[in-house]
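Asker: Right, I'll just put the structure down here and ask away after.
In structure tokens:
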């Protein structure tokens, strides 16, 4: 009985701390359009003076997180994308081959027909590619990394390319995050993302 009371007390304190740290911070911050005006029509002065430094980047979700070794995160994040392939492709390949049984043997390929060297050469430059005159998609079975729509299941696509092998059938337990939809529908007008909970 004493253990049960202690557990209930600990759970109550934990719940109280969570509730106390929540706020009703759903204030709407005015958006700016291309003309530097806020939604209410007033001018907005943007100040780009000062010295800026790059602290983090994530062109493709989870790629930096998974393939950059923990001791190299800061260096990778501060490296401009045009220098990332030369500096990090070998690390990406080593980490991919250690991580994925789909690339365990020489000559193993993913569904894009890429071996580990070709795939990590693509991944090491951590940018989101965009086709200005084609289909916008992360992967639709034909087009690959030509952009990203909000509805693209990016993490599952990445898992399939990392673990799924030549035809997406290898390692099915590792090839899907099993999150197939958002908790809220996308909006039909700008900003398209639903407001958080």
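Numbering (my numbering), first residue to last: 118 to 314.
No residue lacks a Cβ here, since even glycine has one placed at the ideal position from N, Cα and C.
Please read these numbers as outputs of a predicted model, since none were measured by experiment.
Could you tell me the alpha carbon to alpha carbon distance between residue 309 and residue 303, rounded to whole angstroms?
Answerer: 5 Å
Asker: Under 8 Å, do residue 294 and residue 276 count as touching if we go by C-beta distance?
Answerer: yes
Asker: For residue 236, which three-state DSSP category applies?
Answerer: helix
Asker: By a C-beta neighbour count over all protein chains shown, 10 Å radius and 16 as the cutoff for buried, is residue 255 buried or exposed?
Answerer: buried
Asker: Taking DSSP's pairing of strands, which residues face residue 256 in a bridge?
Answerer: 261
Asker: Report the rounded CA-to-CA distance for residue 247 versus residue 176, giving the unit in angstroms.
Answerer: For residue 247 and residue 176, the distance between alpha carbons rounds to 11 Å.
Asker: Alpha helix (DSSP H) containing residue 282: first to last residue?
Answerer: Where residue 282 is concerned, there is no enclosing alpha helix (DSSP H), given that its DSSP letter is neither H nor E.
Asker: Given that a residue counts as buried once 16 or more other Cβ atoms are within 10 Å of its Cβ, and exposed if not, what is residue 360?
Answerer: In the structure displayed, the chain extends from 118 to 314; residue 360 sits before or after that span and is not available.
Asker: Can you check whether the CB of residue 233 is closer than 8 Å to the CB of residue 208?
Answerer: no
Asker: Could you please give the first and the last residue of the uninterrupted alpha helix (DSSP H) stretch that includes residue 191?
Answerer: 190-195
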